[in-house]
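First to last, the sequence lines map onto chains A and B. Reminder that position 134 of the first sequence reads as 134 in full-length UniProt numbering, one-by-one numbering, no gaps. Reminder that position 479 of the second sequence reads as 479 in full-length UniProt numbering, one-by-one numbering, no gaps. One structure is given here, and the rest of the page talks about it.
2 protein chains.
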Amino acid sequence: MRKSAADRFRHLFNRSLVFVRNQNQQYHHPSPLRSLSSMASDSPFPVTAQNINPQVLKCQYAVRGEIVTLAQNLQKALQANPDAHSFDEIIYCNIGNPQSLGQQPITFFREVLALCDYPALLDKSETQGLFSADSIERAWQLVDQIPGRATGAYSHSQGIQGLRDTIAAGIEERDGFPCNANDIFLTDGASPAVHMMMQLLIRSEKDGILCPIPQYPLYSASITLHGGHLVPYYLDEATGWGLEISELKKQLEDAKSKGISVRALAAINPGNPTGQVLAEDNQRAIVEFCKQEGLVLLADEVYQENVYVPEKKFHSFKKVSRSMGYGDNDICLVSFQSVSKGYHGECGKRGGYMEVTGFSPDVREQIYKVASANLCSNITGQILASLIMSPPKVGDESYESFMAERGAILSSLTTRAKALEEALNKLEGVTCNKAEGAMYLFPRIRLPEKAIKAAEAEKSAPDAFYCKRLLNATGIVVVPGFGFGQVPGTWHFRCTILPQEDRIPAIVTRLTEFHQKFMDEFRD
Amino acid sequence: MRKSAADRFRHLFNRSLVFVRNQNQQYHHPSPLRSLSSMASDSPFPVTAQNINPQVLKCQYAVRGEIVTLAQNLQKALQANPDAHSFDEIIYCNIGNPQSLGQQPITFFREVLALCDYPALLDKSETQGLFSADSIERAWQLVDQIPGRATGAYSHSQGIQGLRDTIAAGIEERDGFPCNANDIFLTDGASPAVHMMMQLLIRSEKDGILCPIPQYPLYSASITLHGGHLVPYYLDEATGWGLEISELKKQLEDAKSKGISVRALAAINPGNPTGQVLAEDNQRAIVEFCKQEGLVLLADEVYQENVYVPEKKFHSFKKVSRSMGYGDNDICLVSFQSVSKGYHGECGKRGGYMEVTGFSPDVREQIYKVASANLCSNITGQILASLIMSPPKVGDESYESFMAERGAILSSLTTRAKALEEALNKLEGVTCNKAEGAMYLFPRIRLPEKAIKAAEAEKSAPDAFYCKRLLNATGIVVVPGFGFGQVPGTWHFRCTILPQEDRIPAIVTRLTEFHQKFMDEFRD
């Protein structure tokens, strides 16, 4: 029954993510173009919101949007007066930023980074006492891999060759299939890599990119910024955010019938915000679909280390496509990886890479050129990207402690995911799929009619209304579902599983109390 | 006489930097669209050079273009066989990348970075013996400025507040005028900041940006990628690359008459590739021009520390505009700064900032949103950007050694600039303006008719032909002038002043011998 309602909505609205915005504009986001047209045209400023790039104006990025600005203001108020609110701190569950919530960096990685930042340490005897032997050895290797040992030089536009060799070896070990270091483009995190591919593929608003709904808003933002068209495909909440090929086909045909030339399919696995981990046969079907339809498969695999259920395993789309017998000339595949996620969570280092396969040499040259126009990604991030793909091995001095740190973080994330999921499922009118992977839960909240009306009165989307109420009452920051896209008429929010384990009970209590009060206030 | 010839050419070609490309396409760069249309349309690849974003295809970035690819191939050949060529190494003078040519990083900066990368060091007693006292103190300050001491977390989209406060204080000290930390946007180097502003300002090919010719190709590349129109203004080589307001007015009127809406003026000071340092009264006239014409002044000030002549001083455009009495509501000004240049040359750290003043709050919000779509710049680069704006002070333990390192680099750059300039001016048919600042010389080469014909026969631009010959004969990599733009019919190349001082005599000898042989071969 949910499905037929969804289908009805799709028929009405399903033209692009625009529907997601429109749906909310009526409540919450007045069209920027409309609301700003009321500004005086004799502004003293030559640049106004009316005369900037309209694609910038249209772009939305909810995970750092209105709710975060509100949280920052509350935080300032708390700093000025600790008694300003009924809570004593803001808990940022809006973004996958583990270290901001107390996760400690992996010691080995930081040892190596420090030595590479100040290689003079490598020659000093005191260093032996301060650093593990394998971190010193690794730093020597890395510094030697950098041409001229120039740790402060621009690198090759794709990144330092030796680091790309290491990453390629790591991918080979992960997948059991060959990887060419020339296919690796090191980037300042996954976001610039995604922007780079959108810039390459999108020619006009007639070019479409198939994106899951719900999706991580990087995709919608990037498509909008580059003037393209988001073609949504819906993940099925009822089957644990399942990805159905029939839905892909339907949406593709629908887009084609509207004159949209669909260039690529974005798949996020493990899923953000949904937390689902794709089954291997599902991945095969996706590869086959992209192959048959001539679509570039943009595989967002930044959560590849974050899988929390024994029955699921991460398989890269590269491995899946190679295991199907498809080689470099058969399928266009870009895999995105980042140092920001996994067990390391080094968001601030802005490191990552994309592995680019299946493009002709002349197109590869164009990707290289776009990379060159930013010279290179940061070397610290490059080094870290090579480290996460080649962590300490059995026999290395750091191996035991590294595995202990890694294991503690991943098992704690598993515990936290489960605790929060269970708590959410106990709330009245809330259902929440399991986080099989990634760093998020995306519960559905069934809001009473009275709450929806109250939201309308505040010109707010119902889910944004709920999230703002939650923030003001508890200091917990979550992101309304409309930022990710959702079946019209349904409401969700995204909450990270990242607060430290000992904080979870208190968060659950605050959330539960808030929700109960909210429902008491608005129950129909 | 040069001028009248130039004027004639301008009349013929002066529609945008397109002329620079057209001029060279006939020799050297077959139109990508044309040359690729001969490719089989039944390519096995769904993505081809014919169906990617044409703006990507059109974009050119000469400093990492054909000549660098050729150099990389020569280097590989040398690695395989040290006797493969008549020289034993490649000397990369194509890009301002000081540490790749042996410049050592500033010790204090690297000490601080290492401590921030691995803050556990701060608690250990051995650290006192390994690091200077003020680097330890500074690292403590920095770590304390990072919310939750989370050195691996995403920061605020504009960068860490405390670091922006430090940078703002540094700007105030430099300029003697107030600076608001909220105007600072920390970025992964200056390039992404320039891209961000182009993305904001350019709506269509009818939007123009006034750029100096010659210019740093980041500007032409970014304008092309964002679908805008480069409106050239010519620097006058005869007067040391002087910037004349009459030329700005003429080009602006010309662009307007063609229906181009000019949004901004880019000024590079000290100049790249020209090395000129603008005089303060010239800067005042530029500010007044932008103010009167409602143009955003994009001030590329990344070489602010690199001034080599006593008669010139760097003045920021912010200081100049404030000293004219223009405040935040009077002129739109964006100043770009980078950790890659100056005396530090930390290119690989990808740090920098832009100071954004004179924009309305709603436009500021849009800039914030674009910054958010990449989450934040890398924290190492952020820290370094704060350090270059607040280096050690009198009384700090590192002060003397810091000043000695800084002084040695800057005075050596002065010596190198002068030595190379003098050597170039001795070459037959070559004239070279003084490098008053920045890191480059941009000599004009008068090529014999026979050389131009030989270049034509190779379908190469004459300056590219010369540069390739130079590379093949000496291993020295310089960039042909067409990558920067030049008055049609004139030929130049850009050469950095960055090889280490003890290497300069050998480079001069090799260059001189090559040039003489070249002229002997082609002299009319």
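Ideal placement from N, C-alpha and C gives every residue a C-beta, glycine not left out. For clarity, every value in this text was computed on a predicted model and none was experimentally measured.
Would you mind telling me which residues of chain B sit closer than 8 Å to residue i, beta carbon to beta carbon, in chain order?
{"i": "Asp123 (chain A)", "result": "None at all; the shortest Cβ gap to chain B is about 11 Å."}
{"i": "Glu373 (chain A)", "result": "Before going on, a small fix: residue 373 (chain A) reads as Ala here, not Glu. Within chain B, the residues near Ala373 (chain A) are Cys59, Tyr61, Ser191, His195, Leu218, Ala221, Ser222, Leu225."}
{"i": "Val487 (chain A)", "result": "Residues of chain B passing the Cβ test: none, with the nearest at roughly 25 Å."}
{"i": "Ser100 (chain A)", "result": "Pro147, Gly148, Ala150, Ala153, Tyr154"}
Any C-beta of chain B sitting closer than 8 Å to the C-beta of residue i?
{"i": "Val277 (chain A)", "result": "no"}
{"i": "Tyr466 (chain A)", "result": "no"}
{"i": "Tyr234 (chain A)", "result": "no"}
{"i": "Pro105 (chain A)", "result": "yes"}
{"i": "Asp117 (chain A)", "result": "yes"}
{"i": "Thr151 (chain A)", "result": "yes"}
{"i": "Asn97 (chain A)", "result": "yes"}
{"i": "Asn282 (chain A)", "result": "no"}
{"i": "Pro147 (chain A)", "result": "yes"}
{"i": "Arg444 (chain A)", "result": "no"}
Which same chain residues, not among the five before or five after residue i, have their C-beta less than 8 Å away from its C-beta?
{"i": "Gln128 (chain A)", "result": "Ile136"}
{"i": "Arg322 (chain B)", "result": "Asp175, Phe177"}
For residue i, which three-state DSSP category applies?
{"i": "Cys290 (chain B)", "result": "helix"}
{"i": "Gln486 (chain A)", "result": "coil"}
{"i": "Phe336 (chain B)", "result": "strand"}
{"i": "Ala49 (chain A)", "result": "coil"}
{"i": "Cys347 (chain A)", "result": "helix"}
{"i": "residue 535 (chain A)", "result": "As displayed, chain A neither begins before 1 nor continues past 524, which places residue 535 (chain A) out of reach and without an answer."}
{"i": "residue 556 (chain A)", "result": "Because chain A in this structure spans residues 1 to 524, residue 556 (chain A) falls outside the shown range and cannot be described."}
{"i": "Val479 (chain B)", "result": "strand"}
{"i": "Asp300 (chain B)", "result": "strand"}
{"i": "Phe109 (chain A)", "result": "helix"}
{"i": "His28 (chain B)", "result": "With a pLDDT of 36 at His28 (chain B), under the threshold of 50, the predicted position of this residue should be treated as unreliable, though the coordinate-derived value follows. If DSSP states are grouped into helix, strand and coil, His28 (chain B) belongs with coil."}
{"i": "Leu163 (chain A)", "result": "helix"}
Can you find a C-beta in chain A that's less than 8 Å from the C-beta of residue i?
{"i": "Asp502 (chain B)", "result": "no"}
{"i": "Phe45 (chain B)", "result": "yes"}
{"i": "Gly395 (chain B)", "result": "no"}
{"i": "Cys347 (chain B)", "result": "yes"}
{"i": "Arg203 (chain B)", "result": "yes"}
{"i": "Leu356 (chain B)", "result": "Note that residue 356 (chain B) is Val in the sequence shown here, rather than Leu. No, its Cβ sits nowhere closer than 8 Å to a Cβ of chain A."}
{"i": "Ser38 (chain B)", "result": "Interpretation of Ser38 (chain B) is limited by its pLDDT of 38, a score under 50 that renders its predicted location unreliable; the figure taken from the coordinates is listed afterwards. Chain A, which has no Cβ nearer than 8 Å to the Cβ of Ser38 (chain B), makes this no."}
{"i": "Pro82 (chain B)", "result": "no"}
{"i": "Thr380 (chain B)", "result": "yes"}
{"i": "Asn73 (chain B)", "result": "no"}
{"i": "Gly294 (chain B)", "result": "yes"}
{"i": "Val363 (chain B)", "result": "yes"}
{"i": "Glu301 (chain B)", "result": "no"}
{"i": "Asp188 (chain B)", "result": "yes"}
{"i": "Ala49 (chain B)", "result": "yes"}
{"i": "Lys369 (chain B)", "result": "yes"}
Below 6 Å CB to CB, which residues in the same chain sit around residue i once its five sequence neighbours on both sides are set aside?
{"i": "Ala451 (chain A)", "result": "Phe522"}
{"i": "Gly170 (chain A)", "result": "Met389, Ser390"}
{"i": "Gly159 (chain A)", "result": "Leu186, Gln382"}
Spatial neighbours of residue i within its chain, please: C-beta separation below 7 Å, excluding the five flanking residues on both sides.
{"i": "Asp207 (chain A)", "result": "Leu201, Gly228, His229, Ser261, Arg263"}
{"i": "Glu513 (chain A)", "result": "none"}
{"i": "Val477 (chain A)", "result": "Ile67, Val68, Ala71, Ile90, Ile91, Tyr92, Cys93, Asn94, Leu471"}
{"i": "Ser100 (chain A)", "result": "Tyr92"}
{"i": "Thr415 (chain B)", "result": "Glu501"}
Output, in chain order, the set of chain A residues within a Cβ distance shorter than 7 Å of residue i.
{"i": "Gly429 (chain B)", "result": "What Gly429 (chain B) touches in chain A: nothing, since even the nearest Cβ is about 32 Å away."}
{"i": "Leu200 (chain B)", "result": "Ile52, Asn53, Val56"}
Going along chain A in order, which residues have a C-beta closer than 9 Å to the C-beta of residue i?
{"i": "Glu126 (chain B)", "result": "Glu126, Thr127, Gly129, Leu130"}
{"i": "Glu338 (chain B)", "result": "The residue you asked about is not Glu; residue 338 (chain B) is Ser in the sequence shown. Correct list: empty, because the minimum Cβ distance to chain A is about 10 Å."}
{"i": "Asn329 (chain B)", "result": "Pro44, Phe45"}
Which bits of chain B does residue i rub up against, with CB to CB less than 9 Å?
{"i": "Leu471 (chain A)", "result": "None at all; the shortest Cβ gap to chain B is about 18 Å."}
List the residues of chain B that residue i touches, going by C-beta distances under 7 Å, in chain order.
{"i": "Phe522 (chain A)", "result": "Those within 7 Å of Phe522 (chain A) in chain B number zero; the least Cβ separation is about 31 Å."}
{"i": "Tyr440 (chain A)", "result": "Neighbours of Tyr440 (chain A) on chain B: none; closest Cβ ~15 Å, over 7 Å."}
Please give me, in chain order, every unbroken run of the beta strand (DSSP E) with length at least 3 that falls completely inside the segment 427-474 of chain A. none
Within the segment 202-264 of chain A, ranges of the beta strand (DSSP E) (whole runs, at least 3 residues): 207-213, 229-234
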